[in-house]
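Trainee:
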């Protein structure tokens, strides 16, 4: 996906959420009451888009002779193309076109029932509580998702919108305190490390199905068709959350076997050949509930899924903390070469007593591969820190005695005052450390080249963003108007109006600021020329040996950093200009319009339009420069830690711990105890 396309979708997500949440606020509904119905409408919009696209494709295949022209089309043709053959009453355009006064609640329930009748995996899963909603509210909800952009939107876009709404509802605590939803950056980190790309993929606490969806994103990014390569199996104890998961899979064109079960006591799945899921998973992923107590010992004692025994039993014959039950499950469900990645309470990696005994046996298998510490505030409804655990039963013998300890608590991006995550670049940087640990140095160097190329692309975008400020068209008009407005005779004779002095102040300030911007831009352009000459040399070097390539890349990075101050000067000058332009907008929109002079009022309407265009260009300039700085900083982050493109222990960040190290630390798997 291109940067511009990504930004367009991000804006669309934000706009849709703002509109939908405004409706909710005006309706006095809680997030819990609103969550499922709005997700159901997103599902209907997407299902209709998929239906229309596949119907058109089938007709094209008929016209091209790939299908018989008189072939009766049935739902199997749609399922094969990852779409539902929607009955007429369930199509979005049918609902939008219903006559004024139609009971939309009933119509939406009928639509959901019709889909469930025709598609067994969604039976009894879709929301049907629309009849309690006001008709006007439902009409507004439907129209929010009927824009021209959404009618043309593909499955990827709808998948992102669905995930975005899930995330926003999780932040609001709309369902089970938001625990149905694992933050995407944690899921993506798990997927990046275990790389699920085949076979049986399972999640025994699957929530809304985010692990499965991110697996599909990973596979499609690598050119694979998800449903051709993997089978998803999930367990979830909450029926309502299962509905979220099944809708989530459907909106992404995916299918999976998700069953309602309490994993502590139930192992519900069998593979298609009759074998148990236990012991046969290629990949396990999960974000289980932390620190659960009161698990009945009598029901779990002797369970084959707990090969390391029970962690700790209290006087009431219950497990005092079930974290190590989950950890044991995730290990025992894997096949001989399987990988697992899961989120766990930060308390678990150094817990004592019975839990330490289980951990000692686990470390002795040699299957613990990577431990990663995550700072607090990554979850939307809990501020606790956590850790990501990774198992690999197929580890080569040379690494069987080693565990990569990765302390990522100082790697984060601040989303809001209370919520942090990883940027895409930060995720990839952490993943690249795992590659080096695994000896995949070529992948690391390829990522460094990608970071460098991204910095170059952002640099070019920054140059293009400067061009609007080299044009005098918009600013020239504004300055000419301001000069007119400095003449007191230009206004109606009204002693209560004293506009000329205010205009005079702006008229003197803005041209000076404009000159300052132009001066900094000219200086920056000279730097651009120097960089381009150096980059030509880098391009010639790119075909050289890997070590020389890294050195050339470092030289280019140093040049970028030297020029960063000059580019920041441009931004500072532009920000000062935009601040003054904001004052001019306020003057034009309030003071001049208050004068009620026809001629001046007309100009007053034109000026804000011109100024707003300049302000948008300035914001684009600001965003583009931030993007360039981010790409440059990620490249510097990598070079400072791994300058030669090979793994080294980095104090405060990563260390390869041997089994002897772990034994000496009382079998602790807490990264902070090793990295220093």
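Residue numbers (our numbering): 82 to 757. The beta carbon of each residue, even a glycine, is placed where N, CA and C say it ideally should be. Model, not experiment: these values are computed from the prediction.
1. For residue 220, report the span of its alpha helix (DSSP H) as first-last.
2. Do residue 204 and residue 167 have their beta-carbon atoms positioned less than 8 Å apart in this structure?
3. On the DSSP letters alone, give me the boundaries of the beta strand (DSSP E) that residue 472 sits inside.
4. How many angstroms separate the CA atom of residue 453 from the CA atom of residue 427?
5. What does a CB cutoff of less than 8 Å around residue 123 pick up in its chain, not counting 5 residues either side in sequence?
6. Check whether the Cβ atoms of residue 328 and residue 120 lie closer than 8 Å to each other.
7. DSSP three-state call for residue 515: helix, strand or coil?
8. Given this structure, state the Cα-to-Cα distance separating residue 463 from residue 336, to the nearest angstrom.
9. By the three-class DSSP mapping on this structure, what secondary structure does residue 283 have?
10. Tell me the residue span of the alpha helix (DSSP H) that contains residue 496.
11. From the DSSP output, in three-state form, read off residue 265 for me.
12. Specify, as a first and last residue, the run of the beta strand (DSSP E) that residue 338 falls within.
13. For residue 285, decide whether its Cβ has a neighbour in chain B, counting only Cβ atoms nearer than 8 Å.
14. Could you tell me the boundaries of the beta strand (DSSP E) in which residue 355 lies?
15. Starting from residue 332, follow the beta strand (DSSP E) in both directions and report where the run begins and ends.
16. Would you be able to state if there are at least three C-beta pairs under 8 Å between the segment 485-492 and the segment 507-524?
17. Using the Cα positions of residue 324 and residue 206, report the straight-line distance between them to the nearest angstrom.
18. Pull up the CB-CB distance for residue 492 and residue 364, whole angstroms please, since I reckon it's below 8 Å.
19. Should the segment 142-155 be regarded as contacting the segment 216-224, the criterion being three or more beta carbon pairs within less than 8 Å?
20. Take the Cβ of residue 317 as the centre, count every other Cβ of all protein chains shown within 10 Å, and call the residue buried at 16 or more, exposed below.
21. Could you check if residue 375 is buried or exposed, using at least 16 other CB atoms within 10 Å of its CB as the buried criterion?
22. Can the beta-carbon of residue 171 be found closer than 8 Å to that of residue 125?
23. Hey, quick one: how far does the beta strand (DSSP E) through residue 418 stretch, first residue to last?
24. Kindly indicate the opening and closing residues of the alpha helix (DSSP H) around residue 124.
25. So which of 197, 305, 248 and 289 has the shortest CA-CA distance to residue 276?
26. Secondary structure at residue 92, three-state DSSP: helix, strand or coil?
27. Helix, strand or coil, according to DSSP, for residue 377 in the structure here?
28. Below 8 Å on the Cβ atoms is my contact criterion, and I expect residue 31 with residue 402 to pass it. Report the Cβ-Cβ distance as a whole number of Å.
29. Taking the beta strand (DSSP E) that residue 503 falls in, what are its first and last residues?
30. Go ahead and pull the three-state DSSP assignment for residue 316.
31. Whole angstroms is fine: what's the gap from residue 536's alpha carbon to residue 712's?
32. Determine the burial state of residue 263: buried for a count of at least 16 other Cβ atoms within 10 Å of its Cβ, exposed for fewer.
33. Among the residues of its own chain, which have a CB less than 8 Å from the CB of residue 703, if the five just before and after it don't count?
34. So, using beta-carbon positions, are residue 341 and residue 320 closer together than 8 Å?
35. Who are the Cβ neighbours of residue 200 in its own chain at under 6 Å, not counting the five residues just before and after it?
36. Kindly list the residues whose CB is nearer than 7 Å to the CB of residue 177, restricted to its own chain and excluding five residues on each side of it in sequence; keep chain order.
Mentor: Inspection of the coordinates gives the following:
1. 216-225
2. no
3. 467-473
4. 10 Å
5. 226, 239, 242, 243, 246 and 332
6. yes
7. helix
8. 30 Å
9. strand
10. Unbroken run through residue 496: none, as it is neither H nor E.
11. helix
12. 338-341
13. No chain B is part of this structure, which consists of one protein chain only.
14. Counting along the chain, residue 355 falls outside any beta strand (DSSP E), and DSSP gives it neither H nor E.
15. Here residue 332 belongs to no beta strand (DSSP E); instead the alpha helix (DSSP H) covers 320-332.
16. yes
17. 5 Å
18. Wrong, their Cβ atoms sit about 24 Å apart, outside the cutoff.
19. no
20. buried
21. exposed
22. yes
23. 415-426
24. 112-144
25. 305
26. helix
27. strand
28. There is no way to answer for residue 31, as the model of the chain reaches only from 82 to 757.
29. Here residue 503 belongs to no beta strand (DSSP E), and DSSP marks it neither H nor E.
30. strand
31. 5 Å
32. buried
33. 652, 655 and 656
34. yes
35. 165
36. 223 and 227
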